[in-house]
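Here's the structure we're looking at; comments come further down.
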Amino acid sequence: METARAAEAAGLDATIVWHRDRDIAGADIVLLPGGFSYGDYLRSGAIARFSPILHAVREHARRGGAVLGICNGFQILCEAGLLPGALNRNAGLAFVSRPVGIRVERVTTPFTTVFGPGTTLRLPVAHGEGRFVAPADDITRLEAEGRVVLRYVEGQNPNGSVHDIAGIANAKGNVVGIMPHPERAVGAVGAGADGAGFFASMASWVPIVKGVV
Amino acid sequence: MTFRVRIRVMPRAELLDPQGQAVERALGELGFSDARRARIGRAIELTVEAPSASEAEQRAEAMCEQLLANPVTEDFAIEVES
């Protein structure tokens, strides 16, 4: 809900799709929200990847459509094989819920175009399983190909993620998964407004896809 | 035939296992300081209808690869009994 509201606040037209639906209704961008939207049975995101809607999301991604997974949505994208790696139990074990410093490392994704490279944001994280891990080869590839989209500011890594990784993109750059919650920082109560740029990026990206700009 | 399958899924040895570390520390507090290298995984039990034990094992292997274990972070072991 708050993800949809944050998108609407940026001038986007948002439709909430039920996980049992099979159709993403011609959307330009698919957002997989966070916040324990699915049961975390077995492993976070492991069961959600069988939701009927994931077929449509996969097809959308294959055609180059934009997909953003936030927190639990990031876990689902990894479990579904749309992004490499996995999100394991936080190194400190405890569920962390607090704002942390996040650096934007890549601005050429549909979700980060409005940021200057290296911009530092303050965004809330809220997860128990957010420690990004991947085989060493995958990490090397992610770094070499500039696919680390967000990184925790040094010393503020809340979960022990390798290379302080907070968000990554697929090879084409159209599928992105991030652990922090930009939708909880769009200027409403408390958490600041640093998340608004993600939605503003999407708003500026949609007309480009449609070819009207 | 019906085979009883026990699957053990464990975090990869080279990966940090914060649950295992926490349990090891707690055991130490209780005086079990001889307990070392605690690792925590999960056990799954199910039955499989298959013509032979080896086929039951193959089915279980496929289940692990596709769902029960995450190939990025976990290893699995399978035991089959009739």
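Chains as they are written, first to last, in the working numbering: chain P, 1 to 213; chain G, 1001 to 1082. For every residue, glycine included, the Cβ atom is placed at its ideal position computed from N, Cα and C. In this text the structure is predicted, and so the values were computed from the model without any measurement.
- Within chain G, no C-beta atom comes nearer than 7 Å to that of ASN174/P; the closest sits roughly 22 Å away.
- Around the beta carbon of TYR152/P, 16 or more other beta carbons sit within 10 angstroms, so the residue counts as buried.
- The Cβ atoms of GLY69/P and LEU121/P do not sit closer than 8 Å to each other.
- The beta carbon of PRO1051/G does not come within 8 Å of any beta carbon belonging to chain P, so the residue lies off that interface.
- Rounded to the nearest angstrom, the gap between the Cα atoms of ASP23/P and ILE16/P is 11 Å.
- Against chain P, the beta carbon of ALA1022/G has neighbours under 7 Å at LEU93, listed in chain order.
- Contacts with chain G (Cβ-Cβ distance below 9 Å) from the region 134 to 149 of chain P involve ALA134, PRO135 and ASP138, listed in chain order.
- Proximity of LEU1030/G to chain P, defined by a Cβ-Cβ separation below 8 Å, is not satisfied.
- For ALA1053/G, the three-state secondary structure derived from DSSP is helix.
- Ranked by how close their Cα comes to the Cα of VAL100/P, the residues ASN157/P, ILE139/P, ALA86/P and ASN72/P have ASN157/P in first place.
- Taking the Cβ atoms as the reference, PRO1071/G lies roughly 20 Å from GLU1079/G, outside the contact range of under 8 Å.
- Taking C-beta separations shorter than 7 Å and ignoring five residues to either side along the sequence, the partners of ALA166/P in its chain run ILE102, LEU150, ARG151, TYR152, ILE178, MET179 and PRO180, following chain order.
- Within the model, the alpha-carbon separation for VAL107/P versus GLN1019/G is close to 36 Å.
- The region 109 to 195 of chain P contains, as complete alpha helix (DSSP H) runs of 4+ residues, the segments 136 to 144 (chain order).
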